[in-house]
Each structure stands twice: as structure tokens, then as C-alpha cells.
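These notes concern the structure reproduced below.
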Amino acid sequence: MGRILDRMRRLTCYVGVITGLLAATGARAESVTDLAGRQVDIPASVHRIILGEGRLIYALAPLEKEHLFDRIVGWQGEFRGADTQSYDQYVAAFPQAASIALIGKTTADTVSPERVLDLHPDLAILTVSGHGPGKSSELVAQLESAHIPVVFVDFRADPLRDTVPSMQILGRVLHREHEAADYVTFYQSHLKRITARIATVPQAQRPKVFIEMLAAMRESCCHTAGRGNMGAFIDAAGGQNIAAPLLPGYIGDIDLEKVISSDPDIYIADGTKGPKASGPGLRMGAEVTPALARSSLLGVMERPGISSLRAVTDGHAYGIWHSFYDSPYNILAVEVMAKWFHPALFADVDPDATQQELHTRFLPVAQEGTFWINARP
5 MGRILDRMRR LTCYVGVITG LLAATGARAE SVTDLAGRQV DIPASVHRII
55 LGEGRLIYAL APLEKEHLFD RIVGWQGEFR GADTQSYDQY VAAFPQAASI
105 ALIGKTTADT VSPERVLDLH PDLAILTVSG HGPGKSSELV AQLESAHIPV
155 VFVDFRADPL RDTVPSMQIL GRVLHREHEA ADYVTFYQSH LKRITARIAT
205 VPQAQRPKVF IEMLAAMRES CCHTAGRGNM GAFIDAAGGQ NIAAPLLPGY
255 IGDIDLEKVI SSDPDIYIAD GTKGPKASGP GLRMGAEVTP ALARSSLLGV
305 MERPGISSLR AVTDGHAYGI WHSFYDSPYN ILAVEVMAKW FHPALFADVD
355 PDATQQELHT RFLPVAQEGT FWINARP
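Residue numbers for the sequence shown follow the numbering used here, so the first one is 5 and each next one is one higher.
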């Protein structure tokens, strides 16, 4: 009995020493304030990550690069459905991506907290707005009860405000501060070039713009962006978003009659369908050729009501990748729209070169495809 007690005392001593060493060496990193305003303590080493939305991969790619899928153990499944071509290209480059566990389908109510906990994550990254679990969800409650840190970022509701802090937060929690700083510098330098010039453009010289999101994919027109989301890109690029005063939130639907009566100067359709997709809608994104993108845009424009818009008949109609609406690559959308709205003012701006810089400097997969198109060559 004496020997057993002696061993127990020594074991207790060892545990105390180890605990002290861990504390002395910073076993936990400093806390961060996430986009939901929550103070979160992050482990000094993160090895197993859960993504509340699969499309958060867009944000992790510039930070993790060739190690993009080393630490991801679970994600929601909307990425493979909403952007099939990009998913396929990432799986081709990183075969292990196909084996990542699905924690849900395309909506927050399909996410299983039990499934997440079974994956033993040491960090969960969620979004403030979008398709994944929110801060009041059962998943967050259970993760916090299990002392698993949960961090919120966002690229969807107010993207031009939230992209930089979101990337900085991700840089800190993933211990990729240098990579995050590089991306933020790239992002801010390109955005400032646009916004500084637009500040000199009088309101009366800013064209009225209507963007139809997921164009032609719904029975009736018109799904669009208000104050925020794609609407923020329109504002930053020097346009007047006709839907901004008509919607209470950043995304919603307005009547086709409202669009017609507003008489927009510019019409933009967005979409993310690939070459193999069926049904109506804009073909846009990875693996889509310019010819296919343009032909699908022309089809979208032929619908009753849309075809009679002055913007369409005058040749001021364009197509753009839908997933810019929820991605830190949104600077490309701002540059492209600025060129469309004010071609003389931005004659020296080359969105294709910016995209090439993005792919070369920051992404582990060079995504070949078409991400914007003019209805007229």
C-alpha cells in the first residue's frame, strides 16, 4: 500500500510539473475577438479543423496553400453542389479532399453536432451569415460545452467591411499571420485604387445597376442584392444599386415590374453552373469557356421582361461568377464592375492581371475558367 501511495504522489508531482511547463511555454495562444464579437481562446497548435461551410475553403486557400487539406477533418457539403467545378479541381489537386467527412448538407439544420464531436476537432470555423450554423445554434453550444473553440468570420453580409478582419482572424487562429498579412496587403491595395477614384465621381454620373443573382434559375425574377453582399460591390465600383432602397436586408427578391420601372443602365446576371450542368442559368466559373459563358448569358437575357430592358438592348449586359458573393476574392468583382461602369476612368485597371496575381501568389490551384463576361465580345 505504501508503494502505491508513493507512486501516486510521484505521478501527481509529474502532472504538476508538466502543467507548469505547458503554462510557461504558452500552451494556449492569446484570445481573439471574432466577427460575432466573441472572445475566443485558441490552442497554440491546431491540428483538426471543422468548417461550418465548405466554401470557407476559398478563404483558407491563400493561407494554407499546399497544406490546404492537411488539417480539415469535416465540412458542410454545399461547396460540392454550389461550385462543383471548383470542388472537382481541388479534389484533382488534393485527392484527400474527397475523403473529408460531411457534417451536413447545404443548410444549417442538416448539420449534426454529434457527427462533429465524433471527429474530435480542436477548432471550428463558422460564418456569421450564410448556409452554416450560426452563433445561437445547437452545434456552437455543444462545442463550447466540450471546450472546443469556435471562431466566426464572414464574407457574405458586408464583404468589403468584413473581408480584411476575417482574413486576419483566420491568420491568427491558424497561425498563418504572415500569409494573412500578405493577402490583406494585396486586397487593400487593389480596393483602394478603385475606391479612391470613385470618390471623385458625382452621384449623377454613377449608372443605375441591377444584378440578378442566380439568374434564370428560379421560376420568377428577380433574386438580387440590396445593401451589402453583391450590392456592396456595385456601390464600391461607382454604381447605383436599384435594389438597395427596395430590400430590407442584403439579399432578397423584387418584382420584375420594379426592375423595368427603374430602367437600369446596366444589367448583370450571376451564376455558377458548370459545362455539365442542366437547366437554365448562367454558366460561369472554373472549367467554363468564354464562348459557353456568353451563350448562356444571351439565353438568360432572352427572357420576357429582361430582354426589353434598355441596359440589355443597348449592350450594357454582363455576367459574373456568383461565388464572389461569399469569398475573399471579391476584389475581382469590384475591379470588373468598375471597368464596366466607368471604362474611361479605369482604362489602366486590368482585372485579368489581378486574377493572375491572385492565382500565382496565393492559390494552390490555378483555376482555369471564366469568371466574368460581356454579352458583346
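Every residue, glycine too, gets a C-beta built ideally from N, C-alpha and C. Quantities reported herein were computed from a predicted structural model and do not represent experimental measurements.
Asked, Found
"Rounded distance between the beta-carbons of Pro-268 and Val-213, thought under 8 Å", "6 Å"
"Leu-25 in three-state terms, based on DSSP", "In this prediction, Leu-25 scores a pLDDT of 35, lower than 50, which makes its location untrustworthy; the coordinate-derived value is nonetheless stated afterwards. It is helical."
"Simplified DSSP state of Glu-148, which is helix, strand or coil", "helix"
"Pro-368 vs Lys-69 beta-carbon contact at 8 Å", "yes"
"Contacts around Pro-211, its chain only, beta-carbon distance under 6 Å, and the 5 residues preceding and following it disregarded", "Gly-243, Asp-269, Ile-270 and Phe-345"
"CA nearest to the CA of Gly-256, picked from Thr-228, Ser-282 and Thr-276", "Thr-228"
"C-beta contact flag for Ser-149 and Ala-112 at 8 Å", "no"
"Selected residue, minimal CA-CA separation from Val-168, among Glu-339, His-363, Asp-38 and Ala-241", "Asp-38"
"Helix, strand or coil at Ile-173 according to DSSP, with G and I counted as helix", "helix"
"Proximity winner among Lys-277, Pro-47 and Met-341, relative to Tyr-91 (alpha-carbon distances)", "Lys-277"
"DSSP state of Ser-140 mapped onto helix, strand, coil", "coil"
"Simplified DSSP assignment, three categories, for Val-77", "strand"
"Rounded separation between Ser-300 and Gly-323 - CA only", "9 Å"
"8 Å Cβ cutoff met for Ala-219 and Gly-235", "no"
"Cut-off 6 Å between Cβ atoms - residues of its own chain near Lys-109, not counting five sequence neighbours on either side", "Gly-81"
"Buried or exposed by the 16-neighbour rule on C-beta atoms within 10 Å, applied to Gln-89", "buried"
"Ser-170 versus Phe-159 - alpha carbon distance", "8 Å"
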